[in-house]
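Below: one structure, written as structure tokens.
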Amino acid sequence: MRTCDFDYNLPEELIADRPLPDRAASRMMVVHRATGRIEHRHFRDLPEYVQPGDLFVLNDTKVIPARYFSNDGSIELVRAGMAGELVWKCLVRPGRKMKIGRSVQVGDAVGTVESIDTEGYRYIRWDRPVDADTYGRLALPHYMNRESDPSDKERYQTIYAAHEGAIAAPTAGLHFTPELLAGVPHAFVTLHVGVGTFRPVKVDNVEEHHMHTESFYLPPATADAVAAAQRVIAVGTTSVRVLETQAARHGLPLRSGEGETDIFIYPGFRWQVTDALLTNFHLPQSTLIMLVSAFAGRELILEAYRQAVAEKYRFFSYGDCMLIL
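Per the working numbering, residue 29 is the first one in the sequence shown, and the count goes up by one each step.
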């Protein structure tokens, strides 16, 4: 498989850089895998597709303010993880200014680059905690072409976000309101979405792509609920990654647990848990469009995306969604 096999043309004006005023007002394309039929609905219609024995599995990670700038504005840092109480694993720009031994100041905190790994991450040790409330910003996806503002603190977060650690939101869940969530049977997993979700596939051969790693937790109650369900509907590709990782490692019935996953799902993948998928529209040639193509078939997904462009759906994080049955 070639990366270019997962390409499509997207007019820039269809990229959503702001959410709709009403979360549930988003459009929802419904794709039926068995017949290839495609419907154009709205997210508030979701209860019409719920059947007895269904279970929605949602990712309850919470987005943290991961983007920082030095006091003089010359250095941008994105905290990708913690390697100690005062040690950040960071992406920095420009990298040439942040070699080993160089320092950066954010507020009253001074950080020094201790090491650089093979992927270019800087490990920065701070002399004191950085004031995240004052200096941290949400790391909005680059395609929004704007800085985060106060409204994003609420809207770039699911209503059920509980466990801090994500850099990017699990965007399929952004459509749920408290009323809609209460109306469907559901359970939670946690996967902290990392900066790798924004990284493009840079190889021509799909199988040669090196997948990023993300930490996850699957609670015992969720494992039990999945085992009892007639149909498991994963809300977002991040929920898929948790469910299918545990199934691939331990088999069925699903086992609770925590750890890290670098699972890479593309056509040919052997699905074990996911019966239906609710997801947003993804970037061309990304690992996420490869995942949904693995679930529904590449040709059907590309036809669905062609129709989404023709019908002027809103794309990406703050955009519309797709229910694949």
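Backbone N, C-alpha and C fix where the C-beta goes; we use that ideal spot for every residue, glycine too.
{"Item": "Exposure of residue 170, with buried meaning 16 or more beta-carbon neighbours within 10 Å", "Value": "exposed"}
{"Item": "Residue span of the beta strand (DSSP E) that contains residue 119, given as start and end", "Value": "115-121"}
{"Item": "Three CB pairs or more closer than 8 Å across the segment 266-283 and the segment 297-305", "Value": "yes"}
{"Item": "Contact under 7 Å by Cβ, residue 250 with residue 319", "Value": "no"}
{"Item": "Integer Cβ distance of residue 245 from residue 218, believed to fall under 8 Å", "Value": "4 Å"}
{"Item": "Segment limits, beta strand (DSSP E) that includes residue 189", "Value": "That residue, residue 189, is in no beta strand (DSSP E); it is neither H nor E in DSSP."}
{"Item": "Beta-carbon proximity check, residue 153 vs residue 142, cutoff 7 Å", "Value": "yes"}
{"Item": "Rounded Cβ spacing between residue 60 and residue 353 (contact assumed at less than 8 Å)", "Value": "5 Å"}
{"Item": "Residue 221 - DSSP class collapsed to helix/strand/coil", "Value": "coil"}
{"Item": "Beta strand (DSSP E) runs wholly inside the segment 212-257, at least 3 long, in chain order", "Value": "214-219 and 242-246"}
{"Item": "Chain-order list of residues whose beta-carbon lies under 7 Å from that of residue 285 (same chain, five-residue window excluded)", "Value": "246 and 274"}
{"Item": "Buried or exposed by the 16-neighbour rule on C-beta atoms within 10 Å, applied to residue 203", "Value": "buried"}
{"Item": "Beta-carbon proximity list for residue 121, same chain, < 6 Å, skipping 5 on both sides", "Value": "104"}
{"Item": "Sub-7 Å separation of residue 199 and residue 345 beta-carbons", "Value": "yes"}
{"Item": "Beta-carbon proximity list for residue 181, same chain, < 6 Å, skipping 5 on both sides", "Value": "none"}
{"Item": "Opening and closing residue of the alpha helix (DSSP H) in which residue 268 lies", "Value": "265-278"}
{"Item": "Pair within 7 Å by beta-carbon distance, residue 229 and residue 335", "Value": "no"}
{"Item": "Classification of residue 37 by the beta-carbon crowding that lies within 10 angstroms, buried from 16 upward", "Value": "exposed"}
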